[in-house]
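S.K.: Chains as they are written, first to last, in the numbering used here: chain A, 1480 to 1781; chain B, 6 to 257. Here a beta-carbon is modelled for each residue, glycine too, at the ideal position from N, C-alpha and C. Just so it is clear, the structure is predicted and the values come from calculations on it, not from any experiment.
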Amino acid sequence: MTPPVIQLSGVGKQYGTGPWALRDVSFQVEAGEFVAVVGRSGAGKSTLLRLINGLVSPTVGDVTVWGHRVTHLSSKELRALRSRIGMIFQEFQLVDRSTVLANVLAGRLGRLPAWRGALGLYRKEDYDIAAAALARVGLTELAHRRADRLSGGQRQRTAIARALAQQAELLLADEPVANVDPATARAIMDELKQLNRRDGITVLINLHAIDLAREYADRIIGLRDGRLVFDGPPAALTEAALTDIYGPAAGSAAPDGETAPSPNRGHALGTRDTPQAECSLGTGSPSSALRVRAASGGGGGS
Amino acid sequence: MSRSVRPGLIGVGLIFLYYWSVQGTDVSLSKLMAGLPAVTDLLRRMWPPDLAFLKRMIGPMVETVHMALLGTVTGGVLAVPVIVLAAENTNGIRPLRWAARAVMNGVRTMPDVLLAAIFVALVGIGPVAGVAALSVFSFGIISKLTFEALETVDPRPLEAVRAVGAPWPAWLSHAVVPLVLPHFLGVLLYMFEVNVRVATVLGLVGAGGIGLWLMRTLTFFQYGRALAIILLTFAVVLAIDKMSGALRRRLT
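#1: Counting only Cβ-Cβ distances shorter than 9 Å, please list the residues of the stretch 1587 to 1607 of chain A near chain B, keeping chain order.
#2: For a contact meaning CB atoms closer than 8 Å, what does residue 179(B) contact in chain A?
#3: Expressed to the nearest angstrom, what Euclidean distance is found between the alpha-carbon atoms of residue 1609(A) and residue 1647(A)?
#4: Check distances from the C-beta atoms of the stretch 161 to 172 of chain B to those of chain A and list, in chain order, the residues that come in under 8 Å.
#5: Identify whether residue 1571(A) lies in helix, strand or coil by the three-state DSSP scheme.
#6: Compare the C-beta of residue 1782(A) with all C-beta atoms of chain B and state if any pair is closer than 7 Å.
#7: Pull out every residue of the stretch 1534 to 1556 of chain A whose Cβ sits closer than 8 Å to any Cβ of chain B, in chain order.
#8: Over what stretch of residues does the beta strand (DSSP E) that includes residue 1493(A) continue unbroken?
#9: Just checking: is the beta-carbon of residue 175(B) within a distance shorter than 7 Å of some beta-carbon in chain A?
#10: Could you check which residue in 1521(A), 1606(A), 1496(A) and 1486(A) has the C-alpha nearest to that of residue 1653(A)?
#11: Closer than 6 Å by C-beta to residue 1672(A): which residues in its own chain qualify, once you throw out the five before and the five after it? Chain order, please.
#12: Starting from residue 1558(A), find everything on chain B with Cβ-Cβ shorter than 7 Å and list it in chain order.
#13: For residue 243(B), name the three-state secondary structure that DSSP assigns.
#14: Going along chain B, which residues have a C-beta under 7 Å from residue 1658(A)?
#15: In chain A, what lies closer than 7 Å to residue 252(B) by C-beta?
#16: Measure the alpha-carbon distance for residue 43(B) versus residue 185(B) and round it to whole angstroms.
#17: Going by DSSP, which residues form a beta bridge with residue 1547(A)?
#18: Can you tell me whether DSSP reads residue 1770(A) as helix, strand or coil?
#19: Just by C-beta distance, which residues in the stretch 1621 to 1634 of chain A are closer than 7 Å to chain B?
#20: Quick one: is residue 183(B) near chain A, going by C-beta distance under 7 Å?
#21: Taking only three categories from DSSP, how would you classify residue 1513(A)?
#22: Specify whether the stretch 1592 to 1604 of chain A and the stretch 172 to 184 of chain B touch according to this definition: at least 3 beta carbon pairs, one from each stretch, less than 8 Å apart.
#23: What's the call for residue 1623(A), buried or exposed, on a 16-neighbour Cβ count within 10 Å?
#24: By Cβ distance below 7 Å, which residues in the same chain neighbour residue 202(B) in space, the five residues on each side in sequence not counted?
#25: In angstroms with no decimal places, state the Cα-to-Cα distance between residue 124(B) and residue 138(B).
#26: Nearest-angstrom Cα distance between residue 1634(A) and residue 1571(A)?
#27: Skipping 5 residues on each side, what residues in its chain have a beta carbon closer than 7 Å to that of residue 214(B)?
#28: If you reduce the DSSP assignment to three classes, tell me which class residue 1578(A) lands in.
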């Protein structure tokens, strides 16, 4: 029997002496699943993702990926594990001064001998794989453009190509569509869904747009204050469940999310380039937080 | 965190220190004024500059620029490992970080001319001492300025390249180097500008360059020649500052 792709048992994380970012979280993800993690800002979603590729170590509990306990790996084994896990981020996290191609080729660094990587001596196959990845996301034409000259959507597609160049079997996505316009958000979500369906890549994605999570994910995990409060298919995400995740006042706002599944509907709140605005609004009342959240994934800037 | 100090308090302190320094050095405006006639006298004796002598000074001037260049590049190369060891985002081992910072802070306590005098004593009179002094001097400043820039670099691309499983050397060359290279080159160019100026005076302690000739002509009261050297130095320093400054502005 093959082990699950991801298994968390009783995981807790405390940064320094601060509050616990995660408390007693347990779940497992099987190969080929598309799992969305939802919750408010600060619910522990980013921490959860970073535990899986060892960028963050758990304070208590066990994180196991493909049967390897992440905390018990040597640095070499951890690098080997990371090379199989693609990661994309809300802020894209490209090396801005490097070209698109250089950023995508960086995805090969985990598979190259250290000296080759250090000197940038990629092999022919690395270039082939990078070129295929760029073609896949439709960026072949922009291969030699500097990353800081790209639009948000192009930047995120570059980041996806970087993960593709890794030939990743698992993809961790941390709010990948929060910084792009709604139409681009759909295109990126479609791309991720296709990677999942066609290439069989397991996807674990943090989303704050509840409607996108409902639409794309096979399964939704809800976090609140670092605790797992929901784990089930989108159909089971009732108003009561939303209240569990987002807090009491969010319940009244839930229909907004439910009745507005069309992401292309016009909204006054465009979210491109304004992630901070959404965050500051999010700290207001929980209901407005959810409405803005729904808008950020579903609303078109107008 | 330390408590903040009121700007007014600092102002009062500065005024007091200034007064104290005037008392200590016995400097006064009237004394400066008394020296004015001597200045016009010196200028009259310097004029006209000895332009025939200028040709003979091109060699020493080029040597001065060479000293600055060698010192800057050598200091820059020596600085690289110390920069990587000193920055928190590239070196997680605290004692090593402290050691690297101690080295760069220690080196920076030594003034350029003092370093030159020391190297003249060690390797003898000539440009070798000057290059050695400029290398050490440049090392201190380049490493300090670049490691501070390195620590403020955007951590997010660094995290992303770590997440693909890149080994440390590959991570350095693909994530850290592209992000910090413009800062580093900017610091190198700035250092070159400073070093050209410093190199012109190192000759005063025997460490090569055009300063040696300036001192020599002044000692022998060859004021026309001294003025020629001063004008040449002025032109070269200005030209290099302009070129280097233009290059630095394009580094983004």
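M.R.: According to the structure shown:
#1: 1587, 1588, 1589, 1590, 1591, 1592, 1593, 1594, 1595, 1596, 1597, 1598 and 1599
#2: 1574, 1577, 1581, 1585, 1588, 1596 and 1599
#3: 13 Å
#4: 161, 162, 164, 165, 166, 167, 168, 169, 170, 171 and 172
#5: coil
#6: Because residue 1782(A) is not part of the residues shown, which for chain A are 1480 to 1781, the question remains open.
#7: 1534
#8: 1485 to 1493
#9: yes
#10: 1521(A)
#11: 1695
#12: 170 and 172
#13: helix
#14: Neighbours of residue 1658(A) on chain B: none; closest Cβ ~12 Å, over 7 Å.
#15: Ordered by position in chain A, no residue passes the 7 Å Cβ test against residue 252(B), which lies about 17 Å from the chain.
#16: 51 Å
#17: 1544(A)
#18: Note that residue 1770(A) scores a pLDDT of 40, beneath 50, so its modelled location is shaky; the value from the coordinates is reported in the next line. DSSP places residue 1770(A) in helix when its eight states are reduced to three.
#19: none
#20: yes
#21: strand
#22: yes
#23: exposed
#24: 242
#25: 6 Å
#26: 6 Å
#27: 65, 68, 69, 72, 132, 135, 204, 205, 207 and 208
#28: strand
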